[in-house]
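Take numbering that gives the first Met the number 0: the final residue in the sequence shown is number 687, and no numbers are missing along the way.
For glycine and all other residues, C-beta sits at the position ideal for the given N, C-alpha and C.
All of these numbers come straight from a predicted model, not from anything done at the bench.
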Amino acid sequence: MALPLAAAEPIRIVVDTARPLHSFDPTTALGATIDAHEEGENEQIFTRPNVDAIRSAGFHRMSYRLMTELAGEAWHWNPAGSWSDEQNRQGYWTSSSTPAGPIALSYGYRLPRRGNSRDQAHDDGYSRIDDGELSSFWKSNPYLDDHFTGEPRPQWVLVDLGSAFSIDAVRIAWGAPFAVDYRVQYWPGDDAIHMPQSARWVDFPRGAITNGRGGTVTLRLASRPLRVRYVRLLLTRSSHTAARPSDDDRDRAGYAIRELFIGSLAGSRLIDRVHHGRRHDRQTLIWVSSTDPWHRAVDRDPQTEQMGIDAAFAAELTGRGPMLMPAALLYGTPDDAAAEVAYLMARGFAVSEIEMGEEPDGQKFEPEDYAALYRQWAHAIHAVAPSMRLGGPAFQSTIDTTATWPDAAGKTSWIGRFIDDLRAHRQLGDFNFFSFEWYPFDNLCQPPQEQLMRAPSMLPPVLRSWTSGGLPDDIPWLVTEYGYSSYAAAPEVEMIGAMFDAEFVAQFLSIGGAAAYFYGIEPDLLMTEERSCRTWGNLLLFLSDEEHHIRYRLPAYWAARMVNEDWTMPAGGEHTFYNTTVGRSGGIITAYALHRPDETWSLLLFNKSENRRENVRVSFRHDGTESPFAGAVTTVQYSNEQYAWRAAGESGHPTRDLPPVRRTLSDPSTFDLPPHSITVLTGTNSGF
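This is the structure we're talking about:
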C-alpha cells in the first residue's frame, strides 16, 4: 500500500542563532553501561568480535552498574581480601587494595541477616524475620547505629499483611542487640509502600514501649482490635548487646529480630496473620530500613558474576576515557569502598566519578539513612583520594516525585531531605553529582506510538520536582542508565525504541544534563516477563544466539551511531544547543540543533508519524533575517525503509536490516522525512 503523500507546504524548522541553550562535550556526555551476567556469560559476551562491535557504536564513557546492591548482597570486588573474623571466614569483608593478578570477575555474597522479602535482581531470597526459623535473624546495618553516626538513627521493620485484618497484638522474638525503646505503629492510608506521602504512621494505643528487655515478648497493642494492613516497628534505642563475646563494635550496633508474629489475642493464644517460610512467595512481605552486611565465605551467589575491575578497563568498550565506578554502600563497609578507590589509583585506572550505592529509593532506604552512610563513605574515600568526585543516589527509574514518609516538618521529598542532611552536617561539598535512571514506560499495555509521542513531556516536570524539592541547581545531573522500559518490551527492538533513545539523549543534554549512559550494549536474546501485556523484547544493540554471537544489529545500534558519530563530532569539543522551533506538526516532528567545534551546524530530526512522510525546510535566524544551509548538506537517515521486524515470540528477528542511508545534497531547499525516521543534517550557514 502506498504511503500518503506529504502536505504541499513543507514544515518550517527555524534555528535561532541568538539563543544558545546549553553546551556539552560528547566525549564526557555520551556513554553506555555494563552490568552483571549469569555465571559463565562474561566469557561468551566479551569476545574480540563482540567487543569490536560494541566499540563501533561510538560511545565515549562507561558506567559500571552494581547488581549486587540490587540483590541485597555484599560485593567482593576483589576476591583477595580479609574477614573481620578471619579464623571462621566470616564477618565484615574488606577487599585487598594491593594490585596482584588482574581481576577478571567479581561476585556478590548473600546476606544471612537479610530483612527484605524481595529484591530487584533475581528476587530469590527471603526475609529472616518471618522465615519460621528462630535460629536465624535480621540485623540492621551497624553503620547506622549512633556509635558510628554520632546521633540516633531509628530503624524500622514494615510488614505488609496483604489485606486488612483485626490486629491487637504482636509477638517479637528479639535477637541481640534488641530494642530497649520502640513503637508499634499502623498505617491509616491506602498504601504505605507506594504512596508514602499520603498519610503518617500512627502508634497503636499501647504501642509505645520503653525499657524493653529482649527475649520473646507478647504485647497487647489495643483494648479493641483495629483493621490494619500495614504494621511497622520503629526501633529507637538499642541495648548494644551482642549474641556472643566480641571486640568488634559492629556486633553490638543496631537491632536484631529473630521472628515476628502479628495478629489478635484469643485468651493467651495469638492468632498470627503473618505467613512464615523460607521463600519470599511463601512468607508475608517485609521491608526493613537496612540490613547488616555481615556474611560468610559460603554465602557466595553462584548465579551472577560481575565483570572484574581490571577486565572492565582492559576491554575499553567505549575507548580509553574515564569510567564511572560504583562503591557498594547499602551492603558494604567504608573501609572496603576506600580500598576499592585505592586499588583503582594504584592500577592507574582513569575514573571520572564514584557512584555511591544503587537505587536506595527502590529498596525503601530512607534519605537520612542513605545520607548517614554517604557521609561515612565520603570520609573514608577522601582519606585516600581527596579530589575524587562522589555522587548518587542512582534513583531507580521514576516518572514522578520520589517521596518518602513525612518527617516531623511534613517534608516528603527524598532528595530534599538527603540534601538537608548533608548541609546540616557541612558535607554538601562531598555531593558532586546527582544520578538517576530513566525508563519511563512501565505500562506495556499502552500503545507504543502514544508513548513515543508523550516521552518528551515526561522528563522536565520530574527534574523540576527534584529541584523544587531541594536539589541545588549547580549540581550536575547524570543519567547512569536509560532505555524505553525497565521491562522487556517489543518497541525496544523496533524503530520506536531507537527513536526514544536518540531523542532522550538530545532532550536531556539540551536542558542541561551532564551525561547519559545507554543500557544494553551486550549482545543477548529476546526475553519476556510475566506482566499483564506479555511482550518479547530487550534493551539491545545486538540480537545474538544463545552463545552470544551477534546475529543482527538492531535500530538502537544505528541510532547510537548516528548520535555519537554523525550528529556530534567523535573528536569531541564544545557542542552548543540553540533554540529550535518547529512549525505545524503537533509534535510529530521534533528537532535538536547543534553548533559544532568545526563551525558546522548539525540537526537531529525525528518524524514520529507511523505512516506519513513529511517535508521540512530548515532556516537559521540571525539579526532578524533567515537563511538556509549554505552549500552542500550531508544527510544520514534511518527508518523502516532500512529496517523491518518480524514478531515471533522468542524467535523474533529482523527481516530487513540495512544501515542508515548517507547522501550529500548539493543545493537542498527541503528535506524528506520518512515515517518513523531519524535524520541528521550537517552543513554550514553563512549568516552565523
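Within the DSSP bridge table, the entry for L29 names A515 as partners. In summary, A35 is buried, with 16 or more beta-carbon neighbours lying within 10 Å of its beta-carbon over all protein chains present.
Annotation: F432 to V660 spans about 38 Å, alpha carbon to alpha carbon. Distance from A505 to Y591 at the Cβ level is roughly 4 Å; contact confirmed, criterion being Cβ atoms closer than 8 Å.
A Cβ-Cβ distance of about 6 Å is found for the pair Y185 and L225, placing them in contact under the 8 Å criterion. Excluding residues up to 5 positions away in sequence, Y438 and F440 lie with their Cβ nearer than 6 Å to the Cβ of S484 in the same chain.
As the crow flies, the alpha-carbon of I495 is around 42 Å from that of T332. When C-beta atoms of the region 595 to 604 are compared with those of the region 83 to 96, fewer than three pairs fall below 8 Å, so the two segments do not count as touching.
Straight through space, the alpha carbons of E339 and I128 are spaced by roughly 32 Å. When secondary structure is reduced to three states using DSSP, Y254 falls in the coil class, being assigned neither helix nor strand. Out of A379, R170, T527 and D544, the CA that lies nearest to the CA of N537 is found in T527. Contact check between the region 59 to 77 and the region 318 to 331: three or more CB pairs, one atom from each, fall below 8 Å, which counts as touching. Taken through DSSP and simplified to helix, strand or coil, Y369 comes out as helix.
A straight line joining the alpha-carbon of W476 with that of D202 spans about 39 Å. Just measuring C-alpha positions, the residue of R277, H275 and R236 sitting nearest R212 is R236. When the beta-carbon positions are compared, M324 and Y63 come within less than 7 Å of each other.
Counting only the Cα atoms, E545 lies some 23 Å from A31. Under the 10 Å beta carbon count, I398 is surrounded by fewer than 16 other beta carbons and is classified as exposed. Where W74 is concerned, there is no enclosing alpha helix (DSSP H), although the beta strand (DSSP E) around it starts and stops at E72 to H75. An exposed status is given to M194, since fewer than 16 other beta-carbon atoms sit within 10 Å of its beta-carbon. Taking the Cα positions, S116 is about 16 Å away from L232. Counting only runs that start and end inside the region 549 to 578, the alpha helix (DSSP H) elements of at least 4 residues fall at 554 to 560.
In terms of CA proximity to L664, V679 leads the group T654, H294, V679 and S650. Inclusion of V635 and I12 in the CB contact set at 7 Å is not warranted, their separation being larger than that value. Across the set R550, R416 and R595, the C-alpha of R595 shows the shortest separation from the C-alpha of A570. Contact between A559 and F507 does not hold, since the beta-carbon distance rounds to 15 Å and is not under 8 Å. In the DSSP assignment, no residue is bridged to D118.
Counting only runs of at least 3 residues, the region 468 to 528 fully encloses the following beta strand (DSSP E) elements, listed from N- to C-terminal order: 476 to 481 and 514 to 517.
Rounded to whole angstroms, R199 and R228 show a C-alpha spacing of 14 Å. The beta carbon of P187 sits closer than 6 Å to those of A198 and V201, all from its chain and outside the five residues before and after it, given in chain order.
With fewer than 16 other beta carbons inside 10 angstroms of its own, G149 counts as exposed. Within the same chain, P490 and I495 come within 6 Å of P447 by CB-CB distance, once the 5 residues on both sides are set aside. Excluding sequence positions up to five before and after S685, its CB lies within less than 7 Å of the CB of S626 and A629, all in the same chain and listed in chain order.
Relative to the Cα of E42, the nearest Cα in the group H548, Y369, R319 and R645 belongs to H548. Looking at G648, I33, A28 and D656, the one whose alpha-carbon comes closest to that of E304 is I33. The alpha-carbon separation between T579 and A310 amounts to approximately 43 Å.
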